[in-house]
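Note that UniProt numbering numbers the sequence shown so that position 689 is 689, with each residue one more than the last. Don't be surprised by glycine CBs; every beta carbon is placed ideally from N, CA and C. Below is one structure, written out as structure tokens; the observations come after it.
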Amino acid sequence: MNNIKLATFDVRYFMGHVEIERLLIDSSGIKYIHPANISSMRKENVPLIKDLKLDLNILKHIPGFALRGLEKLQVLSLGGNRISNINNESFCGLHALVNINLYGNRIQSLPRASFACASNLKKIDLSRNNLVTLNPQWFDGSLFLRSLVIDQSGIRSITFRPWEVTNLQTLVLTKNFIKTLYHETFTGLENLKALNLSGNAKRLRILGDALTSVGSLELFDMSHSNEFTMKGSFKNMQNLLNLDISYSPLKISSIDQFTNTHALRVLNMSRSNLKVKDLVDLKTGTSLFSGLVSLRILKLRQNSLNTTHALPGIFTPLRNLVELDLTSCCIKQVASRTFANLTTLLQLSLQDNDLTSIPKDAFQGLQNLQVLRLQNNLIKFIHQGLFMGTNELEQLYLQNNHISTVASNTFMPSSLIRFNIAYNPLTCDCQLAWFRQWLNEVEGKIDLAPKNQTRCSSSSLKVLVNQIIWSFHPDEYCGINTMIIVSACFAPILVLTLGILVYLNRWWINYKLYLLKLAIVGYHEITEDRNPEDYEFQLNLMFHDDDEWWVNDCMKPFLEQRMPHLERVIFGDADLHPGSFYLNAIYDVIENSHKTILLLSNQSVDDTWYMTKLRMTVEHMNDTKLEKVILIFLEDIDDDHLPYLVRLLLSRNKPYLLWTEDEEGQEVFWAKVQKSMRSNRQMNNVIPV
Numbered sequence: 001m002n003n004i005k006l007a008t009f010d011v012r013y014f015m016g017h018v019e020i021e022r023l024l025i026d027s028s029g030i031k032y033i034h035p036a037n038i039s040s041m042r043k044e045n046v047p048l049i050k051d052l053k054l055d056l057n058i059l060k061h062i063p064g065f066a067l068r069g070l071e072k073l074q075v076l077s078l079g080g081n082r083i084s085n086i087n088n089e090s091f092c093g094l095h096a097l098v099n100i101n102l103y104g105n106r107i108q109s110l111p112r113a114s115f116a117c118a119s120n121l122k123k124i125d126l127s128r129n130n131l132v133t134l135n136p137q138w139f140d141g142s143l144f145l146r147s148l149v150i151d152q153s154g155i156r157s158i159t160f161r162p163w164e165v166t167n168l169q170t171l172v173l174t175k176n177f178i179k180t181l182y183h184e185t186f187t188g189l190e191n192l193k194a195l196n197l198s199g200n201a202k203r204l205r206i207l208g209d210a211l212t213s214v215g216s217l218e219l220f221d222m223s224h225s226n227e228f229t230m231k232g233s234f235k236n237m238q239n240l241l242n243l244d245i246s247y248s249p250l251k252i253s254s255i256d257q258f259t260n261t262h263a264l265r266v267l268n269m270s271r272s273n274l275k276v277k278d279l280v281d282l283k284t285g286t287s288l289f290s291g292l293v294s295l296r297i298l299k300l301r302q303n304s305l306n307t308t309h310a311l312p313g314i315f316t317p318l319r320n321l322v323e324l325d326l327t328s329c330c331i332k333q334v335a336s337r338t339f340a341n342l343t344t345l346l347q348l349s350l351q352d353n354d355l356t357s358i359p360k361d362a363f364q365g366l367q368n369l370q371v372l373r374l375q376n377n378l379i380k381f382i383h384q385g386l387f388m389g390t391n392e393l394e395q396l397y398l399q400n401n402h403i404s405t406v407a408s409n410t411f412m413p414s415s416l417i418r419f420n421i422a423y424n425p426l427t428c429d430c431q432l433a434w435f436r437q438w439l440n441e442v443e444g445k446i447d448l449a450p451k452n453q454t455r456c457s458s459s460s461l462k463v464l465v466n467q468i469i470w471s472f473h474p475d476e477y478c479g480i481n482t483m484i485i486v487s488a489c490f491a492p493i494l495v496l497t498l499g500i501l502v503y504l505n506r507w508w509i510n511y512k513l514y515l516l517k518l519a520i521v522g523y524h525e526i527t528e529d530r531n532p533e534d535y536e537f538q539l540n541l542m543f544h545d546d547d548e549w550w551v552n553d554c555m556k557p558f559l560e561q562r563m564p565h566l567e568r569v570i571f572g573d574a575d576l577h578p579g580s581f582y583l584n585a586i587y588d589v590i591e592n593s594h595k596t597i598l599l600l601s602n603q604s605v606d607d608t609w610y611m612t613k614l615r616m617t618v619e620h621m622n623d624t625k626l627e628k629v630i631l632i633f634l635e636d637i638d639d640d641h642l643p644y645l646v647r648l649l650l651s652r653n654k655p656y657l658l659w660t661e662d663e664e665g666q667e668v669f670w671a672k673v674q675k676s677m678r679s680n681r682q683m684n685n686v687i688p689v
């Protein structure tokens, strides 16, 4: 019955319809609830409604005994109204009510014992109201209340009053402005099991004894807070099972924060500005994790732990750990004994770090390890015994590294069911012959996807360059071949001669190849249906401040002379929409631009904000499945200096151009710019950001 015109809700409208169990009257303009006169109603005619939803109406007040007569009502939803006034008789007569939703109203305060009349109430949702202060007395008399949710309601403080809802088990106070938790804050909640304070944007202070009264707490979430100082806050929480303090800049006063939290099973400290010195006492060697004898999952991703190798005892106390996440922790080295005591570990994540090599005994002792993630590092070589002892390993991820070869007869666990070594510069030569034979042996038994991205590098045998590794047949290429030996003697002379000729005529060749490519494949592209004129901006040009000279001296004159029809162009941050947040403004111009050009130089690739812009454009490409981005290199950048995301784009043959000082080369350059601006090609697959 949604979207009907009904100014007043009256139970009498439904008299005689005893079969109604669920009644929804949303968005119907209801302004008032008329209390029923039960003395004039025959009990057998009263509808047996169990679920009543009056959301998105314009109710401002809930009168006393508003829904008297609905004795079977269990769920009442009044969300999205304009309710500002409730009295302690509003819900009288609703003895079967267990769940009430007052989400999205204008409640600023409540009288004492507001819900006591609904004696069996178990769940209350007061989210998105205008509460500045939370008073526990509002819930006096609700002896069976189990769950209280007050999300995004502007709460700044909690009144010092004992909580009489002693059976409350879940308290959610997310995305408010609570500043301090005192000893008296949760007095009376001795049966509370779950407390969620995540997203309280101001600096949150927890006094040392603030959690004393909630000793039964099993789940505590205070993630996404601006700052939190650990001063023995969890010392009395012997029953705590799950603690989430992620995305909250932490300050740790001492190393004994978890001494008494013996039951803790899940600890999330991701992106908490942690350093190695926060995890271990440099004088005594005591680990922050001492006492966490039951811990099963530890998440430390996106912290700065680049010197972990110097203190291998950090994880020693965690003898029952099954999952360790060290993703994006700036780790450059792994010491031999770092994971030695983690004999129960099932999953280890070291992806997105700066590892260049791993000692051969780094994973010895991890006899139960099943998943090992090493992708997106800088690993160049796999030692022969690296996986020795990991006899239960099922999934091994090595993609997007710098691996050129795998040591002869490297131990590969027979338990493997998934192996990914794609996007590595593998040198397909006779030194890698054994590995190629191993791939033949396990093909069909192990998932080796993506096969078409496991390719031979430029240092491979000439006929195999850029071919998939399955094109490499050792029996065919690794025998004695006199022709190869003879040819090798004359090859340098021939290569040198050809190189000189190509160099002298490089721009002519480049231009002819460009025309040939245009003639062959230029008319088979699947492009976007929209035209540049359909977008708010025809071109979005992003550049580093140090590269503004090139925009003024080269790009703007080109646009004025050769592409004057481009009238709506964004030139850098100066043209962003004023008044918006920086990242929102950037995303707006990316989304509403036909093309985005990013200028790359040695200065820009070192700028974190500029790389963030690049990541946002790539994510937009993935969302739209359109090649809307053009990379322009203003100078030659060393391979080792190229960020991972840029290398990934180049490996996917995404549009890029290189600026040159040669006049003929510049003509080719501008011709390619004009061609690239015509339309947006569709992408066949997404880019793994």
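Check: Can you tell me whether N376 is buried or exposed, with buried defined as 16 or more other CB within 10 angstroms of its CB?
Finding: A residue is called buried once 16 or more other Cβ atoms fall within 10 Å of its Cβ, and N376 is buried on that count.
Item checked: Between the CA atoms of L539 and N129 - distance to the nearest angstrom -> Cα to Cα, the separation comes out at about 43 Å.
Margin query: Let me check understanding here. Comparing Cα to Cα, which of L398, Q399, E394, T405 lies closest to P413?
Written below: Here the closest residue by C-alpha is E394.
Note to self: Please report the distance separating the alpha-carbon of L346 from that of I421.
What the structure shows: Going from the Cα of L346 to the Cα of I421 covers about 21 Å.
Note to self: Using only the alpha-carbon positions, how far apart do N268 and P249 sit?
What the structure shows: Rounded to the nearest angstrom, the gap between the Cα atoms of N268 and P249 is 13 Å.
Notebook entry, point to check: If we count the other Cβ atoms within 10 Å of its Cβ and call it buried at 16 or more, is L426 buried or exposed?
Noted result: Buried is the label assigned to L426, since at least 16 other Cβ atoms lie within 10 Å of its Cβ.
Notebook entry, point to check: With a Cβ-Cβ cutoff of 8 Å, do S142 and A116 count as a contact?
Noted result: Yes, the Cβ-Cβ distance between S142 and A116 is below 8 Å.
Notebook entry, point to check: Does the beta-carbon of Y523 have 16 or more other beta-carbons within 10 angstroms, so that it is buried, or is it exposed?
Noted result: Only weak support exists for where Y523 lies, its pLDDT of 49 falling under 50; the coordinates are left without a value.
Next item on the list: Tell me L658's beta-bridge partners as DSSP assigns them.
Entry: Paired residues: F633.
Next item on the list: Hey, could you find the ends of the alpha helix (DSSP H) H620 is sitting in?
Entry: Under the DSSP assignment, H620 falls in the alpha helix (DSSP H) whose first and last residues are 608-624.
Item checked: Close Cβ partners of I155 (< 8 Å) along its chain, the five nearest in sequence each way excluded -> Once the five neighbours on either side are set aside, the close Cβ partners of I155 are L131, V132, T133, L134, L173, N176, F177, I178.
Next item on the list: State the Cα-Cα distance for the pair Q666 and W659, rounded to the nearest angstrom.
Entry: Cα-Cα distance, rounded: 7 Å.
Next item on the list: Pull up the distance between the alpha-carbon of I100 and that of A66, whole angstroms please.
Entry: If I take the Cα positions, the gap works out to 14 Å.
Check: Are the stretch 253-262 and the stretch 204-219 in contact at 8 Å, needing three or more beta carbon pairs?
Finding: In the pairwise beta carbon analysis, the stretch 253-262 is classified as not touching the stretch 204-219: fewer than three pairs are separated by under 8 Å.
Next item on the list: May I have a chain-ordered list of the beta strand (DSSP E) segments no shorter than 3 residues that lie completely inside the stretch 315-367?
Entry: Uninterrupted beta strand (DSSP E) stretches at least 3 residues long and entirely within the stretch 315-367 occur at 323-325, 347-349, given in chain order.
Margin query: What does DSSP give as the partner residue(s) for M542 in the beta ladder?
Written below: In the DSSP output, where bridge partners are listed per residue, M542 has L598.
Check: How is E443 classed by DSSP in three states: helix, strand or coil?
Finding: Here E443 carries a strand assignment [DSSP, helix/strand/coil].
Notebook entry, point to check: Are D354 and K332 close, meaning C-beta to C-beta below 8 Å?
Noted result: The Cβ-Cβ distance between D354 and K332 falls below 8 Å.
Item checked: Cross-strand partners of M230 (DSSP beta bridge) -> I252.
Notebook entry, point to check: Which class does A118 belong to by DSSP, given the choice of helix, strand or coil?
Noted result: The answer is coil: DSSP assigns A118 none of H, G, I, E or B.
Checklist line | Residue closest to E227, alpha-carbon to alpha-carbon, out of L204, L243, V214 | finding: Nearest option by C-alpha distance: L204.
Notebook entry, point to check: Who are the near neighbours of L270 in its chain, counting only those whose CB is closer than 6 Å to its CB and skipping five residues on each side?
Noted result: The question names Leu, yet the displayed sequence has Ser at residue 270. Answer for S270: S246, K299, R301, Q302, listed in chain order.
Note to self: Measuring alpha carbon to alpha carbon, tell me which residue in D221, N37, S487, V165 is nearest Q137.
What the structure shows: Answer by Cα proximity: V165.
Check: With DSSP run on the structure shown, which of helix, strand or coil describes V502?
Finding: Three-state DSSP puts V502 in a helix.
Check: Looking at C-beta atoms only, is the number of pairs between the stretch 615-629 and the stretch 578-595 that lie closer than 8 Å three or more?
Finding: Verdict: yes, contact present.
Next item on the list: With DSSP collapsed to three states, give me the class of H183.
Entry: Coil.
Notebook entry, point to check: Around the Cβ of S198, are there at least 16 other Cβ atoms within 10 angstroms (buried) or fewer (exposed)?
Noted result: When all chains shown are included, S198 counts as buried.
Note to self: So for S408, helix, strand or coil by DSSP?
What the structure shows: It is coil, neither helix nor strand.
Note to self: Taking contact to mean 3 or more Cβ pairs, one atom from each stretch, closer than 8 Å, check whether the stretch 559-576 and the stretch 503-510 are in contact.
What the structure shows: Per the Cβ contact rule, the stretch 559-576 is not in contact with the stretch 503-510 (fewer than 3 Cβ pairs under 8 Å).
Check: Below 8 Å, can you find three or more Cβ-Cβ pairs linking the stretch 498-508 to the stretch 555-562?
Finding: With the cut-off at 8 Å, the stretch 498-508 and the stretch 555-562 do not touch.
Next item on the list: Going by CA-CA distance only, name the one from E619, E661, L600 that's closest to F633.
Entry: Ranking E619, E661, L600 by Cα distance to F633 puts L600 first.
Checklist line | Inter-residue Cα distance where the pair is L642 and L649 | finding: Each residue's Cα considered, the two are about 11 Å apart.
Item checked: Boundaries of the alpha helix (DSSP H) in which F669 is found, first to last residue -> 663-676 is the span of the alpha helix (DSSP H), which, as asked, contains F669.
Notebook entry, point to check: Using DSSP with H/G/I as helix, E/B as strand and the rest coil, what is V132?
Noted result: Assignment of V132 by DSSP, reduced to helix, strand and coil, places it in the coil class.
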